[in-house]
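The structure appears right after this line, and notes come after that.
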Amino acid sequence: MQQPSTDEHPVVQHAHPTAGVYLRVATILVILTVIEVGVFYVPAFHSILVPALLLLSAVKFTLVVMFYMHLKMDSRFFTFLFGGPLLLGLGMTMGLMFLFGAFALRR
Amino acid sequence: MTIAAATHRTSMGLDSRKMAFWAFIGSECLLFGSLISTYLVYKGRSVVGPYPHDILNIPFTSVSTFDLLMSSLMMVLALAAVQRGDLKWAKVWLVATALLGIFFLSGQVYEFTSFVREGLTLQTNLFGATFFVLTGTHGAHVTVGVVWLLTLWVRALQGQLTAANAVTVEICGLYWHFVDVIWIVIFTVVYLIQ
């Protein structure tokens, strides 16, 4: 059954990516995971292990959220609903680690 | 637009079910944020073993990570199939996602039992307590996701899943992908950064 065309607040629909985009994102995610495991096992990378792994993880996280969860094309309000608590959670983690001395310089 | 969809609109023109679910996912960010914080704060403070480097199996967990990433791909393919009204492929992708979820859970059960056999329990040390609570909570979320996926699959088998109610699959997908991104963080923070 159709609604009248004079709908005051119509639901806004956003186009989702194609299957090709989903497959390309999956390929990138798998490649990044292989690099993560590679970085873990190669001793030459151990000096940059933590920043490299955090960066790779952040890229994977962003790709899934932007393309698979459609935040890239969906309403910015959803980004606010997700991003606000996410930043709060990140701040809480950093704050607690700072308070409990996890960032203290080690001899 | 159908009546069902129209009744769920908001004054912002957004689907209220999706909006509520994004708010729920936001609250889940804080839940997992607190669990990950607890793990990180107590990291390296266990006075007795086993310690992470003694017990964590990276090759095995890498396979689990690959499995969960592929399940996310299956989920978006299921959503795309439902949105174009292709019920046959929607059923295939939905059950494939659920099976990959079950495979992940089987891996977690195997991992937990092998850790317990090696002497790591919730009570052993701070690593055991924080590790089991964090990964166990994630596993519980995966279990809920698998049940939800199988419910959608049964609805698809009954012919109740159509392009008009694709948003139900989209919301399930949001949950499933969230579980996936949490695992992306856990895999890095717990398993790779030891």
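Each protein sequence line maps, in turn, to chains P and U.
Numbering-wise (this note's numbering), the first sequence opens with residue 1 and increments by one.
Numbering-wise (this note's numbering), the second sequence opens with residue 1001 and increments by one.
We treat Cβ as the ideally placed atom computed from N, Cα and C, and that holds for glycine.
task: Would you mind telling me which residues of chain P sit closer than 7 angstroms to serine 1072/U, beta carbon to beta carbon, in chain order?
output: Position 72 of the second sequence, counting from 1, holds the residue named residue 1072/U. The contacting residues are Val64 and Tyr68.
- request: Using 10 angstroms around the beta-carbon of aspartate 1054/U, count the other beta-carbons present and answer buried if the total reaches 16, otherwise exposed.
  value: Here the question's residue 1054/U lines up with position 54 in the second sequence. With fewer than 16 Cβ atoms within 10 Å of its Cβ, aspartate 1054/U is classed as exposed.
- request: Give a yes or no on whether the C-beta atoms belonging to leucine 53/P and isoleucine 1193/U are separated by under 7 angstroms.
  value: Within the first sequence, residue 53/P is the residue found at index 53, counting from 1. Within the second sequence, residue 1193/U is the residue found at index 193, counting from 1. For leucine 53/P and isoleucine 1193/U, yes; Cβs fall inside 7 angstroms.
task: Enumerate in chain order the residues of its own chain whose CB-to-CB distance from glutamate 1111/U is below 6 angstroms, with the five nearest sequence positions on each side excluded.
output: As a position in the second sequence, residue 1111/U is number 111, starting the count at 1. Taken in chain order, the list of residues that qualify is empty.
- prompt: Apart from the five residues on each side of it in sequence, which residues of its chain come closer than 6 angstroms, Cβ to Cβ, to valine 39/P?
  reply: On the first sequence, position 39 is the one that residue 39/P refers to. These residues qualify, in order along the chain: Phe45 and Ala52.
query: If we cut at 7 angstroms on Cβ distances, does leucine 55/P have a partner in chain U?
result: The residue you call residue 55/P lines up with position 55 of the first sequence. With 7 angstroms as the cut-off, leucine 55/P does not count as an interface residue toward chain U.
- prompt: Quick one: any contact between the stretch 1036-1055 of chain U and the stretch 82-97 of chain P, if contact means 3 or more CB pairs under 8 angstroms?
  reply: yes
Given valine 30/P as reference, the closest of Leu87/P, Val65/P, Tyr68/P and Lys60/P once Cα atoms are compared: Position 30 of the first sequence, counting from 1, holds the residue named residue 30/P. Ranking the options by Cα distance to valine 30/P, first place goes to Lys60/P.
task: List the residues of chain P that alanine 1023/U touches, going by C-beta distances under 8 angstroms, in chain order.
output: Within the second sequence, numbered from 1, the residue matching residue 1023/U stands at position 23. Here the neighbours are Leu81.
- request: Taking the CB atoms as reference points, tell me whether tryptophan 1153/U and leucine 1094/U lie closer together than 7 angstroms.
  value: Residue numbering aside, residue 1153/U sits at position 153 when the second sequence is read from its first letter. Residue numbering aside, residue 1094/U sits at position 94 when the second sequence is read from its first letter. Yes.
- prompt: So, methionine 69/P versus histidine 1177/U, is the Cβ gap smaller than 7 angstroms?
  reply: Taking the first residue of the first sequence as position 1, residue 69/P is located at position 69. Taking the first residue of the second sequence as position 1, residue 1177/U is located at position 177. Closer than 7 angstroms, so yes.
- request: Note down, in chain order, every chain U residue with its Cβ under 7 angstroms from the Cβ of serine 75/P.
  value: Here residue 75/P refers to the residue found at position 75 when the first sequence is read from its first residue. Within 7 angstroms Cβ-Cβ: Leu1014.
Three-state secondary structure (DSSP) of arginine 1009/U: As a working mapping, residue 1009/U is identified with position 9 in the second sequence. In this structure, arginine 1009/U counts as strand in the three-state DSSP scheme.
message: Taking its Cβ as the centre, do 16 or more other Cβ atoms sit within 10 Å of tyrosine 41/P, making it buried, or is it exposed?
response: Along the first sequence, read from residue 1 onward, the residue named residue 41/P stands at position 41. Classification for tyrosine 41/P: exposed.
query: Given phenylalanine 103/P, which residues of its chain have a CB within under 8 angstroms of its CB, disregarding the five upstream and five downstream residues?
result: Stepping through the first sequence from its first residue, residue 103/P is reached at position 103. Only Met97 meet the Cβ criterion.
query: Does the beta-carbon of leucine 1195/U have 16 or more other beta-carbons within 10 angstroms, so that it is buried, or is it exposed?
result: Absent from the model: residue 1195/U. The displayed extent of chain U is 1001 to 1194, so no value can be given.
query: If the cut is a Cβ gap below 8 angstroms, which residues of chain P does threonine 1065/U touch?
result: Against the second sequence, residue 1065/U aligns to sequence position 65. Thr33, listed in chain order.
- request: Kindly indicate which residue of Pro85/P, Phe82/P and Val34/P has the alpha-carbon position closest to the one of aspartate 57/P.
  value: Position 57 of the first sequence holds residue 57/P. It should be pointed out that residue 57/P corresponds to serine in this sequence rather than to aspartate. The shortest Cα separation from serine 57/P among Pro85/P, Phe82/P and Val34/P belongs to Val34/P.
Of the listed residues Ser1064/U, Val1181/U and Arg1084/U, nearest to leucine 1099/U (C-alpha basis): Here residue 1099/U corresponds to residue number 99 of the second sequence, with the count starting at 1. Of all alpha-carbon atoms in Ser1064/U, Val1181/U and Arg1084/U, the one lying nearest the alpha-carbon of leucine 1099/U is that of Ser1064/U.
field: Straight-line Cα distance separating valine 1142/U from valine 1181/U
entry: Start at 1 with the first residue of the second sequence, and residue 1181/U comes out as number 181. Start at 1 with the first residue of the second sequence, and residue 1142/U comes out as number 142. Cα atoms of valine 1181/U and valine 1142/U: separation of roughly 12 angstroms, rounded to the nearest angstrom.
message: Assuming contact is defined by CB atoms lying nearer than 7 angstroms, are glycine 1033/U and glycine 101/P in contact in what I supplied?
response: As a position in the second sequence, residue 1033/U is number 33, starting the count at 1. As a position in the first sequence, residue 101/P is number 101, starting the count at 1. Between glycine 1033/U and glycine 101/P, the CB-CB gap reaches or exceeds 7 angstroms.
message: For glutamine 1108/U and serine 1046/U, what's the separation of their Cα atoms in angstroms?
response: One-based indexing of the second sequence puts residue 1108/U at position 108. One-based indexing of the second sequence puts residue 1046/U at position 46. The straight-line gap from Cα to Cα measures roughly 23 angstroms.
Where aspartate 1015/U falls: helix, strand or coil (DSSP): The residue you call residue 1015/U lines up with position 15 of the second sequence. Note: aspartate 1015/U maps to strand in three-state DSSP.
- prompt: When you compare only the Cα positions, how much space is there between glycine 20/P and leucine 87/P?
  reply: By one-based count along the first sequence, residue 20/P stands at place 20. By one-based count along the first sequence, residue 87/P stands at place 87. Using only the alpha carbons, I get a separation of about 31 angstroms.
field: Segment limits, alpha helix (DSSP H) that includes phenylalanine 61/P
entry: In the first sequence, the residue the question calls residue 61/P occupies position 61. Counting along the chain, the alpha helix (DSSP H) containing phenylalanine 61/P begins and ends at 49-63.
Contacting residues, own chain, Cβ-Cβ under 6 angstroms from tryptophan 1089/U (five flanking each side not counted): If you number the second sequence from 1, residue 1089/U lands on position 89. Excluding sequence neighbours, tryptophan 1089/U sits near Ala1081.
message: For alanine 1198/U and valine 1189/U, I'd like the C-alpha separation in whole angstroms.
response: Since the first residue of chain U shown is 1001 and the last is 1194, residue 1198/U is not available in this structure.
- prompt: In terms of alpha-carbon separation, which member of Thr1124/U, Leu1031/U, Arg1009/U and Met1074/U lies closest to threonine 27/P?
  reply: The residue you call residue 27/P lines up with position 27 of the first sequence. The shortest Cα separation from threonine 27/P among Thr1124/U, Leu1031/U, Arg1009/U and Met1074/U belongs to Met1074/U.
query: Can you list, in chain order, the residues of its chain whose CB lies under 7 angstroms from that of phenylalanine 1103/U, leaving out five sequence neighbours each side?
result: Indexing the second sequence from 1 puts residue 1103/U at position 103. Once the five neighbours on either side are set aside, the close Cβ partners of phenylalanine 1103/U are Asp1067.
- request: Return the residue from the list Lys1018/U, Trp1183/U, Arg1084/U and Thr1113/U that minimises the CA-CA distance to alanine 1163/U.
  value: In the second sequence, residue 1163/U corresponds to position 163, counting from 1. Closest by alpha carbon: Arg1084/U.
message: Residues in the same chain with beta-carbon distance under 8 angstroms from threonine 1010/U, minus the five sequence neighbours each way, listed in chain order, please.
response: As a first step, residue 1010/U is located in the second sequence; it is residue number 10 there, counting from the start. Excluding residues within five positions, the ones whose Cβ falls inside 8 angstroms are Ser1016 and Met1019.
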